[in-house]
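Heads up, the thing below is written out as structure tokens.
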Amino acid sequence: MPNTDILLSIVIVSWNSCRQTVECLESLYIDTLKDPLKNRTEVIVIDNNSHDNTVKDIQKKFPEIVLIKNQTNKGYAPACNQGMRIAKGKFTLLLGSDTVIKQNALRLCVEYLESHFDCGAVGCKLFYTDGSHQGNCKKFPTLRNAFFTYLSLDKLNYQYDLKWFDYDKTIEVDQIATTFLMIRSDILKEINYFDERFRIMYNDVDLCRSIWNTGNKIIFLHTAEVFHHGSFSTNRADFKVRKIMYEDIFLYYYSNYKLKAVFLLPVLALRLMLVSIFK
Numbered sequence: 004m005p006n007t008d009i010l011l012s013i014v015i016v017s018w019n020s021c022r023q024t025v026e027c028l029e030s031l032y033i034d035t036l037k038d039p040l041k042n043r044t045e046v047i048v049i050d051n052n053s054h055d056n057t058v059k060d061i062q063k064k065f066p067e068i069v070l071i072k073n074q075t076n077k078g079y080a081p082a083c084n085q086g087m088r089i090a091k092g093k094f095t096l097l098l099g100s101d102t103v104i105k106q107n108a109l110r111l112c113v114e115y116l117e118s119h120f121d122c123g124a125v126g127c128k129l130f131y132t133d134g135s136h137q138g139n140c141k142k143f144p145t146l147r148n149a150f151f152t153y154l155s156l157d158k159l160n161y162q163y164d165l166k167w168f169d170y171d172k173t174i175e176v177d178q179i180a181t182t183f184l185m186i187r188s189d190i191l192k193e194i195n196y197f198d199e200r201f202r203i204m205y206n207d208v209d210l211c212r213s214i215w216n217t218g219n220k221i222i223f224l225h226t227a228e229v230f231h232h233g234s235f236s237t238n239r240a241d242f243k244v245r246k247i248m249y250e251d252i253f254l255y256y257y258s259n260y261k262l263k264a265v266f267l268l269p270v271l272a273l274r275l276m277l278v279s280i281f282k
């Protein structure tokens with residue numbers, strides 16, 4: 004059962020992103036110290052065997068943080084589960100290590116969940132560090148959407164990508180990226196957290212579908228805002244990590260579309276080869 008003294012647990016996975024992770028943690032403390040979340044928030048960082056100074060800097064600058072040091076890179080979903088399973092809060096925030104919290108974002112999301120009991124999870128508005136808007140809401144993907152995505156035919160994914168979406172309104176959506184997603188901890192326990200078969204990719208899509216299947220809403224809250232550098236760790240991934248990413252992609256579509264998804268395999272193989280060559 005969640006600890007009633009802790010209202011919010013923040014779970015962050017880090018991997019070779021020392022500067023961004025420290026910046027993220029600094030923004031959390033600046034934000035939570037200004038409002039009622041003070042002393043009712045815990046931060047859990049799971050480091051996936053970084054080879055930079057991430058662990059050392061966290062231990063030095065944030066000794067109060069719960070730090071889990073993995074001896075191997077377990078992948079995003081398994082590492083998140085390590086944090087979620089020990090979280091004590093009523094709500095759990097999955098937060099990208101390459102984010103910077105803007106003023107009151109945490110409080111606004113907590114207040115929304117506290118006052119809307121049919122809402123299982125809430126996300127917020129994301130901005131790149133140059134101030135431009137970053138889309139983070141989508142519909143659940145079909146197999147057709149997958150072909151369009153991985154053949155770079157993005158113009159044909161108008162509905163899936165929610166190109167019509169008004170990010171200046173609070174609205175129910177299918178899925179929101181776990182760059183910032185605050186979820187009721189009892190729902191996470193009910194759905195057994197992330198499906199760890201999805202180690203890096205599509206774990207957020209699968210998680211949102213699981214939340215949706217419980218009958219709870221997922222809400223985009225336009226008043227809460229966060230800066231996001233954007234896929235900092237995955238952009239530095241080597242071929243081995245990228246291969247896992249594409250295996251995850253295929254697994255999602257195979258799990259949902261069975262043998263029909265086999266036709267996606269050559270598209271993903273070609274895409275992986277091209278991305279690896281021209282990264």
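The sequence shown: position 232 = 235 (our numbering), numbered continuously.
C-beta: ideal position from N, C-alpha, C; glycine also.
May I ask you to list the residues that DSSP assigns as paired with residue i?
i    : result
K128 : E228
C122 : K220
C140 : I179
K72  : D50
R212 : Beta-bridge pairing links R212 to no other residue.
M185 : L96 and V125
V265 : Paired residues: none, contrary to the question.
V103 : F230
With DSSP run on the structure shown, which of helix, strand or coil describes residue i?
i    : result
P5   : With a pLDDT of 49 at P5, under the threshold of 50, the modelled position of that residue is not reliable, and the figure given next carries that caveat. Note: P5 maps to coil in three-state DSSP.
D50  : strand
Q178 : strand
S30  : helix
F94  : strand
M204 : coil
C83  : helix
S17  : strand
T57  : helix
I280 : helix
L11  : strand
T152 : helix
E67  : coil
E193 : helix
E250 : helix
Could you tell me if residue i is buried or exposed, where buried requires 16 or more neighbouring beta carbons within 10 angstroms of its beta carbon?
i    : result
E117 : exposed
M4   : In this prediction, M4 has a pLDDT of 46, which is less than 50 and means its spatial position is unreliable; nothing more can be read from the coordinates.
E45  : buried
S155 : exposed
V77  : Before going on, a small fix: residue 77 reads as Lys here, not Val. Looking at its Cβ environment, which holds 16 or more other Cβ atoms inside 10 Å, K77 is buried.
A232 : Here residue 232 turns out to be His, not Ala, going by the sequence shown. Buried, since its Cβ has 16 or more Cβ neighbours within 10 Å.
T217 : exposed
L62  : Residue identity differs from the one stated: residue 62 is Gln in this sequence, not Leu. Looking at its Cβ environment, which holds fewer than 16 other Cβ atoms inside 10 Å, Q62 is exposed.
Y161 : exposed
N148 : buried
W167 : exposed
I174 : exposed
I280 : exposed
T75  : exposed
L31  : buried
L111 : buried
N19  : buried
F266 : exposed
I'd like the list of long-range same chain contacts for residue i, defined as Cβ closer than 7 Å, with 5 residues on each side in sequence excluded.
i    : result
L275 : R245, K246 and Y249
E199 : A80, P81 and N84
E228 : K105, A108, C127, K128 and F130
I252 : M204, Y205 and L271
N73  : I49, D50, N51, N52 and A82
T132 : F230 and H232
K141 : Y163, D164, L165, D177 and Q178
L191 : M87 and T95
Q23  : S100, D101, H232 and F235
T182 : G99, T102, L129, N139 and H231
Under 6 Å Cβ to Cβ from residue i, same chain only, skipping five residues before and after it: list those, please.
i    : result
L268 : none
D121 : K220
A264 : Y256 and Y257
A180 : N139 and D207
With C-beta atoms as the reference, is residue i less than 8 Å away from residue j?
i    : j    : result
V58  : F143 : no
G123 : R187 : yes
L313 : F65  : Absent from the model: residue 313. The displayed extent of the chain is 4 to 282, so no value can be given.
M185 : F242 : no
R43  : L11  : yes
F197 : L210 : yes
I47  : I9   : no
K158 : H225 : no
D55  : V25  : no
L40  : V125 : no
Near residue i, which residues of its chain fall below 8 Å by C-beta distance, leaving aside the five closest residues on each side in sequence?
i   : result
I33 : I104
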